Each structure stands twice: as C-alpha cells, then as structure tokens.
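Colleague: These protein sequence lines are chains A and B, in that order.
In this text, residue positions in the first sequence follow the numbering used here: the first is 3, and each later residue adds one.
In this text, residue positions in the second sequence follow the numbering used here: the first is 32, and each later residue adds one.
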Amino acid sequence: MDNSDMNSGPDSTITYTDSKIIKKIFWHSSYDLKTVETFLENMAADGYMFVSRDHQLFRFKRCKPVKLHFFVDILNDLRKIDNSLGTMRDEYVDYCEECGWHFISNDNKYLFFYTTQADATPIQTDNELRLKLINSQTLRTDGLTWLILLSIVLFQFGAFDWNNLAYTLIDDFSILCTYLCYPLIFIPEAIRYTIFYLRNKNYVKDGADIEFYSARSTFIFYAIRTAIAIIISLGLIFLLSDSVSLALFVVTATLLIITAILLFSNLRLKKAGFGKMTSIASWLNTSIIIAICAIFGVIALSLLDVLDIFEKNLFSSRNEHPFTLSSLNVSVDNADIYDTGYYPSSSPFGYFDSFDEYVYDNKDNIIARLDYDIIISNYDFVIDSYINDFKSYDEFPIINLTDSEASLWQAKAVYLNRYEGYSSGKRLIVYDNKLLIISSSNGIEYTDEQIKKMGSAVKAYTH
Amino acid sequence: MARETFQTLSEPMYYVLLALCNECCGVDIMKLVEHLSKGRVKVGPGTLYAMLDKFLVNDIIAETRCEGRKRSYIITGYGRELLKKEYERLQQMVVDGAHIV
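1. Any beta carbon from chain B within less than 8 Å of N110 of chain A's own beta carbon?
2. Which first and last residues belong to the beta strand (DSSP E) in which H104 of chain A is found?
3. Please determine, among A:E451, A:V384, A:Y388, A:R371, the residue with the shortest C-alpha to C-alpha distance to L441 of chain A.
4. For E213 of chain A, which of helix, strand or coil comes out of DSSP?
5. Below 8 Å on C-beta distance, what does L79 of chain B contact in chain A?
6. Count the other C-beta atoms from every protein chain shown that fall within 10 angstroms of the C-beta of Q123 of chain B, then say buried if there are 16 or more, exposed otherwise.
7. To the nearest angstrom, how far is it from the Cα of K69 of chain B to the Cα of T127 of chain A?
8. Count the CB pairs spanning the segment 158-169 of chain A and the segment 98-118 of chain A that are closer than 8 Å, and state whether there are at least three.
9. Closer than 7 Å, Cβ to any Cβ of chain A: which residues of the segment 55-67 of chain B, in chain order?
10. With 8 Å as the threshold, decide whether the Cβ of G75 of chain B is near any Cβ in chain A.
11. Please classify R55 of chain A: is it buried, with 16 or more other beta-carbons within 10 angstroms of its beta-carbon, or exposed?
12. Please determine, among A:F383, A:D144, A:N390, the residue with the shortest C-alpha to C-alpha distance to L171 of chain A.
13. For the segment 111-122 of chain B against the segment 93-102 of chain B, do three or more pairs of beta-carbon atoms, one drawn from each stretch, fall closer than 8 Å, so that the two count as touching?
14. Give the residues of chain B in contact with I125 of chain A, contact being defined as C-beta atoms less than 7 Å apart.
15. For a test of the three-state rule: what should DSSP assign to Y116 of chain A, helix, strand or coil?
16. Tell me which same chain residues have a C-beta within less than 6 Å of the C-beta of D144 of chain A, skipping the five on either side of it?
17. Please determine, among A:D375, A:N166, A:F351, A:R201, the residue with the shortest C-alpha to C-alpha distance to H323 of chain A.
18. Rounded to whole angstroms, how far is the Cβ of I60 of chain A from the Cβ of F28 of chain A, which I believe are closer than 8 Å?
19. Please list the terminal residues of the continuous alpha helix (DSSP H) segment that includes A93 of chain B.
20. In chain A, which residues lie with their C-beta within 9 Å of the C-beta of R96 of chain B?
21. For V332 of chain A, report the span of its alpha helix (DSSP H) as first-last.
22. Could you check whether the Cβ of W29 of chain A sits closer than 8 Å to any Cβ belonging to chain B?
23. Whole-angstrom Cβ separation of M61 of chain B and P43 of chain B, contact assumed at under 8 Å?
24. Which term fits E447 of chain A, buried or exposed, when burial requires 16 or more other beta carbons within 10 angstroms of its beta carbon?
25. Specify, as a first and last residue, the run of the beta strand (DSSP E) that G532 of chain A falls within.
26. Apply the 10 Å Cβ neighbour rule to W411 of chain A and answer buried if 16 or more other Cβ atoms are within range, or exposed otherwise.
27. Taking the alpha-carbon of Y116 of chain A as reference, which of A:I197, A:A462, A:K207, A:V38 has the nearest alpha-carbon?
28. Inspect the beta-carbon positions of Y417 of chain A and L430 of chain A and report whether they are closer than 8 Å.
29. Kindly indicate which three-state DSSP category C101 of chain A falls into: helix, strand or coil?
30. Would you mind stating whether I105 of chain B and L51 of chain B have Cβ atoms separated by less than 8 Å?
31. For a cutoff of 8 Å on Cβ pairs, would you count E117 of chain B as touching chain A?
32. For S20 of chain A, which residues from the same chain have a beta carbon less than 6 Å from its beta carbon, with the 5 sequence-adjacent residues on both sides left out?
33. In angstroms with no decimal places, state the Cα-to-Cα distance between K455 of chain A and K365 of chain A.
34. Using DSSP's beta-bridge definition, name the partner residues of Q370 of chain A.
35. Taking a Cβ distance cut-off of 7 Å, strictly less, list which residues of the segment 98-130 of chain B are near chain A, in chain order.
36. Distance check for L149 of chain A and G352 of chain A, CA to CA, integer angstroms please.
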C-alpha cells in the first residue's frame with residue numbers, strides 16, 4: 003500500500019514537481035526512529051517527498067518544499083482479524099488517518115506516516131509500548147544478525163590451531179585479523195543499542211519520553227566506526243608482507259565503497275539542512291576522502307607496475323631459498339626437477355617459508371626429494387609453540403639428538419621426530435630466532451659436509 | 032493471570048473505559064478522552080488500537096457494531112467492575128491525601 007503514484011499528497015499539501023524517483027542511502031540503525039523522522043522532515047523541507055524505504059535505501063520524489071511532521075511506527079503483532087474485513091495493517095492505518103496522519107508506505111513492520119498539523123497527537127503516546135515494540139523489532143532484525151556473526155567469529159576462532167602459534171600467528175595472521183574486523187563492526191552497534199534500551203527502560207518507567215539518539219550522534223557513530231574498520235584493514239595490508247588474504251582485500255575494498263557512499267549521502271544530507279556537522283565529523287570526512295583516493299591510487303599504480311613499493315608486500319616474493327639439491331651437490335642430471343615451493347607467509351610475528359623439490363627419473367619415479375620449512379621469528383614463544391606442537395604427538399616422540407649433531411648444524415639443538423636417519427622422518431633444527439624443519443629426502447643421507455652447508459645457509463638466511 | 036494485569040489502570044486506560052461507557056468507535060474515543068480529561072490526556076491512534084485489542088482479549092470491552100473497517104465498542108460488565116474499582120481506589124487516594132496535602 004503506497005501512495006507514491008499520486009501527483010499530489012492525500013491532503014493536497016504536497017505538490018510533486020517530478021515523477022522521477024530519487025534514491026538516497028541514509029545510514030541508521032533500526033531503532034533510530036527519531037533520526038529517520040528528522041531526516042525525512044529535512045528532506046521534505048528541501049523539496050524531496052519521501053516515497054518508500056528499503057532498509058537503508060530511501061526513495062523520494064521532487065516536490066515543492068513543504069513543512070511536514072513524520073512518524074515512524076512499528077506494527078504490533080495483534081490479534082488476527084477476519085480477512086473479509088481487510089488486513090490488520092489497513093485497519094490500523096485507518097485509525098491513524100482518522101487522526102490526521104497520512105500513511106505513506108511500509109517497510110516490513112515499519113509504517114511511515116506524515117501530517118501537516120504541528121500539534122497532531124503522536125501515533126504512539128504510550129512510551130512503554132513503543133519501547134517494547136522497538137526492542138522486539140530490533141532483536142528480531144539486528145539481534146539475530148549479531149548472534150549469528152558472533153557465533154561465526156567464535157567458531158572460526160576455535161578453528162584456528164592455537165597449539166601451533168607459529169602457524170596461526172604467521173600463516174593465518176591475515177585471516178585472523180579479518181575475523182577481528184567483524185566484532186569491531188558489530189559489537190559497538192550491540193553496545194549502543196543496549197545502552198539505548200536500558201536507559202530508556204528507566205525513563206519510561208518514570209513517565210518520561212523515549213530519548214532517541216540524535217541525527218548528529220548517529221552520523222558520528224557510523225563515521226567513527228567505519229573509519230576505525232578501514233584504518234585497521236589498511237594497516238594490516240601495509241603490515242603484512244608477501245601473503246595478503248584476498249578476503250581481507252575484498253573486505254577493505256567493500257568498506258571503502260560503503261564509506262564513499264556514506265560520505266556522498268551525508269554530503270547531500272548537509273545540503274538538505276541536516277545541520278552543522280561537528281568539526282570532528284568534518285575532519286573525518288575530509289581525511290577519509292583523501293585516504294581513499296591516496297590508497298586506491300597507490301594500489302592501482304602498484305598493480306600497473308608503475309610503483310614497486312608494494313611489490314614485496316602485496317604479492318608473494320621471496321628471497322632465494324637457503325639451499326637446494328643442486329647447491330648440496332646432489333646429482334640431478336638427466337632428471338626432471340619439479341619445484342613445488344609454496345608462497346611464503348609473513349606477519350608481525352614472523353616469517354614462514356616452505357620448499358619442496360622433487361627429482362624424477364625418466365620413468366616418473368621420485369629419485370630425490372628435498373622438503374623443508376623455515377620459520378623466522380623474534381618471539382621465542384612462537385618458535386617454541388612449533389616445537390611443542392610436534393612434542394604433543396605421542397606417536398611421533400621427539401628425541402633430542404647429541405650435541406655433536408647440533409654442532410654439525412651449528413644450531414642450539416636438534417630434535418629427531420620418530421625415525422632414524424634423514425631418509426625418513428623430520429628433524430627440527432633450532433637456531434636463535436629460526437627453526438628449520440627438514441623432512442625426508444628419499445634415500446639421500448646427508449653427508450657432514452652437506453649438513454654444515456645447510457646449517458651455514460640457514461644461519462645466514464634473512465627475510 | 033491476564034486479569035491481574037488490570038488491577039490498577041493507567042490514566043489513558045481509565046479515560047478510554049470512561050469513554051466506552053457508551054457505545055463509541057475509533058477517533059470518537061480519542062476525542063472523548065481528550066474532552067473528559069479537559070485536554071490533559073491524549074491517546075494516540077496507535078496506542079488506542081493496541082489498548083482496545085488488549086481490552087477485547089480480556090473481556091473488558093465488547094464489539095457492538097462493525098461497518099466496513101469501522102468498529103464500535105462498549106464496556107462489559109467486567110469492565111465496569113474494573114472501572115469502578117479504579118474509581119474507588121482513586122477516591123480513597125484523594126481522601127487519604129486530603130488530610131495531609
């Protein structure tokens with residue numbers, strides 16, 4: 003039910019000057035009823051008559067500027083009415099229209115009315131009932147979303163390997179941070195609503211009116227929240243090297259686009275007589291616009307290879323591996339070498355790289371293999387967690403080898419995982435801020451000379 | 032239990048029931064409430080709609096007529112009892128206060 007097709011409003015106060023629908027995004031929470039009413043009144047005064055709403059998207063038609071009062075109501079789930087007499091909403095609307103309120107449209111359970119009478123009795127005079135309706139509708143729309151997102155975040159955090167911090171904090175760091183963005187966005191919203199509800203629960207008990215957040219405070223809240231999320235996301239892109247989660251990049255790009263829309267809408271809002279923005283909000287607007295342009299510009303130039311400032315950071319690049327079969331003088335003549343090295347991972351907690359080299363004969367049999375991981379971290383707890391993770395497996399007991407072997411490797415300690423020899427099993431070689439995990443090599447038993455070479459190469463290896 | 036909810040009536044409830052001592056409908060109830068309270072109590076259409084529904088469900092009022100979407104109501108015997116109790120309670124409050132105020 004929608005009166006948007008009429009050339010003039012139901013009471014002929016509104017004269018449309020154009021039938022074209024103008025769309026505008028106005029960021030608000032489901033309980034910011036007063037903010038929405040103020041927004042619609044300002045738009046009407048500016049010559050834009052509200053037509054309908056779909057979540058955050060508002061539709062208007064151009065009209066002659068007019069002073070109106072809007073009311074956003076929430077339809078209560080009342081008794082069922084015999085359908086032969088019309089829908090419950092229509093009957094409810096009749097009640098309101100008899101009192102001088104004109105129905106415009108509804109967005110699910112939200113009903114939009116307006117009146118030209120400055121002294122019209124508000125549609126809801128029972129503040130306790132109104133607060134109850136706001137609460138039930140907010141929990142129904144937003145509460146479920148918050149709960150689902152929180153469950154997803156907790157589940158995903160639980161899925162990380164917290165026994166192996168080296169893996170989680172280095173390899174999964176970007177994903178971890180991406181998931182942190184969700185609580186940063188939605189927890190403040192939940193807190194804001196909780197404060198609103200608890201505060202007003204006391205007010206209405208004392209017979210006072212519901213105190214809604216003002217349009218200005220709503221704008222500031224969203225601007226700050228968006229800015230924080232963007233700063234964190236962009237900060238992570240700059241901090242992370244060599245292995246940037248595509249998801250993080252997509253999230254950041256999405257946030258930037260949303261911010262741009264928000265800012266554009268609010269620039270229009272300023273024109274519509276929203277009111278003087280605070281200096282903080284204005285500063286945020288300007289800063290975010292400059293940051294958006296700068297970041298997109300730099301990233302675009304980097305992608306076009308005009309700038310190589312991000313070459314190491316955004317895309318995988320690596321130093322030369324410390325050693326290969328060839329550098330160890332393992333014969334690879336007449337063989338196909340297949341290198342399946344993985345892209346390295348890097349985070350503020352360290353660096354992780356993996357190297358896997360296969361050598362095949364002409365019958366596709368693996369005749370040699372070199373497989374090792376290297377972890378570099380200034381944090382002992384990160385390296386220790388990797389070693390402890392191996393120690394936690396009972397079927398792979400870690401045996402601390404002799405000092406002579408550690409001496410060969412020029413390392414602090416050497417652990418053997420289960421099997422003797424280098425032809426199978428893993429060795430964990432511990433340096434001051436490095437860990438080398440070298441796996442089976444298919445029949446190659448390393449000579450002392452090769453071990454010394456590997457040890458020197460690892461010690462000299464930097465990232 | 033539902034009926035215990037109406038042991039005391041709020042001001043708008045009280046005046047709406049007063050208005051429904053005679054058959055009345057919709058906006059007429061709102062006007063009558065404003066008139067009876069000399070402009071002091073105003074009931075919004077949304078509030079009235081919810082209130083009438085609650086009264087109906089609890090047999091405090093009954094629907095008398097239905098012309099299209101326009102419904103008329105009147106207070107029931109049980110409703111009158113509640114109204115009378117509330118009136119007596121308010122009277123007692125005035126008497127108690129008269130000695131001191």
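C-beta: ideal position from N, C-alpha, C; glycine also.
Note that the structure is predicted; figures quoted are calculated from it, not measured.
Modeller: Reading from the atomic positions:
1. Indexing the first sequence from 1 puts residue 110 of chain A at position 108. Among the CB atoms of chain B, none fall inside 8 Å of the CB of N110 of chain A.
2. Locating residue 104 of chain A in the first sequence gives position 102, where the first residue counts as 1. H104 of chain A -> beta strand (DSSP E) spans 104-109.
3. Reading the first sequence from its first residue, position 439 is the one you call residue 441 of chain A. According to the sequence displayed, residue 441 of chain A carries Ser and not Leu. The residue with the shortest Cα to Cα distance from S441 of chain A is A:R371.
4. The residue given as residue 213 of chain A occupies position 211 in the first sequence. Looking at E213 of chain A - three-state DSSP - the assignment turns out to be coil, as it is neither helix nor strand.
5. For the purposes of this step, residue 79 of chain B is taken as the residue at position 48 of the second sequence. Chain A residues near L79 of chain B: Y97.
6. Here residue 123 of chain B is taken as the residue at index 92 of the second sequence, counted from 1. Per the 10 Å Cβ criterion, exposed.
7. Taking the second sequence and counting its residues from 1, the one referred to as residue 69 of chain B is at position 38. Taking the first sequence and counting its residues from 1, the one referred to as residue 127 of chain A is at position 125. Approximately 17 Å between the Cα atoms of the pair.
8. no
9. G57, V58, M61
10. Locating residue 75 of chain B in the second sequence gives position 44, counting from the first residue. With 8 Å as the cut-off, G75 of chain B counts as an interface residue toward chain A.
11. Taking the first sequence and counting its residues from 1, one reaches residue 55 of chain A at position 53. By the neighbour-count rule (16 or more Cβ atoms within 10 Å), R55 of chain A is buried.
12. Residue numbering aside, residue 171 of chain A sits at position 169 when the first sequence is read from its first letter. Comparing Cα-Cα distances from L171 of chain A to each of A:F383, A:D144, A:N390, the minimum goes to A:F383.
13. Between the segment 111-122 of chain B and the segment 93-102 of chain B, the count of Cβ pairs shorter than 8 Å is below three; the stretches do not touch.
14. The sequence position of residue 125 of chain A within the first sequence is 123, counting from 1. Ordered by position in chain B, the residues that pass the 7 Å Cβ test against I125 of chain A are G75, P76, G77.
15. In the first sequence, the residue the question calls residue 116 of chain A occupies position 114. In the displayed model, Y116 of chain A falls within a strand according to three-state DSSP.
16. Position 142 of the first sequence holds residue 144 of chain A. These residues qualify, in order along the chain: S32.
17. Position 321 of the first sequence, counted from the first residue, corresponds to residue 323 of chain A. Nearest of A:D375, A:N166, A:F351, A:R201 to H323 of chain A, Cα basis: A:D375.
18. Position 58 of the first sequence, counted from the first residue, corresponds to residue 60 of chain A. Position 26 of the first sequence, counted from the first residue, corresponds to residue 28 of chain A. Reading off the sequence shown, one finds Phe at residue 60 of chain A, where the question assumed Ile. Between F28 of chain A and F60 of chain A the Cβ distance is about 5 Å, and since that is below 8 Å, they are a contact.
19. Within the second sequence, the letter at position 62 stands for residue 93 of chain B. Element bounds for A93 of chain B: not the alpha helix (DSSP H) but the beta strand (DSSP E), 92-98.
20. Numbered from 1 along the second sequence, position 65 holds the residue referred to as residue 96 of chain B. What R96 of chain B touches in chain A: nothing, since even the nearest Cβ is about 12 Å away.
21. In the first sequence, the residue the question calls residue 332 of chain A occupies position 330. No alpha helix (DSSP H) holds V332 of chain A; DSSP gives it neither H nor E.
22. For the purposes of this step, residue 29 of chain A is identified with residue 27 of the first sequence, where counting begins at 1. False, the Cβ-Cβ gap to chain B never drops below 8 Å.
23. To locate residue 61 of chain B, count along the second sequence from 1; it is residue 30. To locate residue 43 of chain B, count along the second sequence from 1; it is residue 12. The pair is not a contact, with the Cβ atoms about 10 Å apart (cut-off 8 Å).
24. Numbered from its first residue, the first sequence carries residue 447 of chain A at position 445. Exposed: under 16 other Cβ atoms inside 10 Å.
25. Nothing can be reported for residue 532 of chain A: it is not among the residues displayed for chain A, which extend from 3 to 465.
26. Taking the first sequence and counting its residues from 1, the one referred to as residue 411 of chain A is at position 409. Buried: at least 16 other Cβ atoms inside 10 Å.
27. Within the first sequence, residue 116 of chain A is the residue found at index 114, counting from 1. Y116 of chain A has its Cα closest to that of A:V38, out of A:I197, A:A462, A:K207, A:V38.
28. Within the first sequence, numbered from 1, the residue matching residue 417 of chain A stands at position 415. Within the first sequence, numbered from 1, the residue matching residue 430 of chain A stands at position 428. Contact: yes.
29. To locate residue 101 of chain A, count along the first sequence from 1; it is residue 99. DSSP places C101 of chain A in coil when its eight states are reduced to three.
30. Within the second sequence, numbered from 1, the residue matching residue 105 of chain B stands at position 74. Within the second sequence, numbered from 1, the residue matching residue 51 of chain B stands at position 20. Yes, they are a contact pair.
31. Sequence index remark: in the second sequence, residue 117 of chain B carries index 86 (1-based). No, no contact with chain A.
32. By 1-based counting over the first sequence, the position of residue 20 of chain A is 18. It is worth fixing the name first, because residue 20 of chain A is Asp in this sequence and not Ser. Cβ neighbours of D20 of chain A beyond the five flanking positions: R64.
33. Reading the first sequence from its first residue, position 453 is the one you call residue 455 of chain A. Reading the first sequence from its first residue, position 363 is the one you call residue 365 of chain A. Between K455 of chain A and K365 of chain A, the C-alpha separation is close to 31 Å.
34. For the purposes of this step, residue 370 of chain A is taken as residue 368 along the first sequence, with counting starting at 1. According to the sequence provided, residue 370 of chain A is Ala. The question's Gln does not apply to it. Looking at the DSSP assignment, A370 of chain A forms a beta bridge with A:V361.
35. R100
36. In the first sequence, the residue the question calls residue 352 of chain A occupies position 350. In the first sequence, the residue the question calls residue 149 of chain A occupies position 147. Their backbone Cα atoms lie some 34 Å apart in a straight line.
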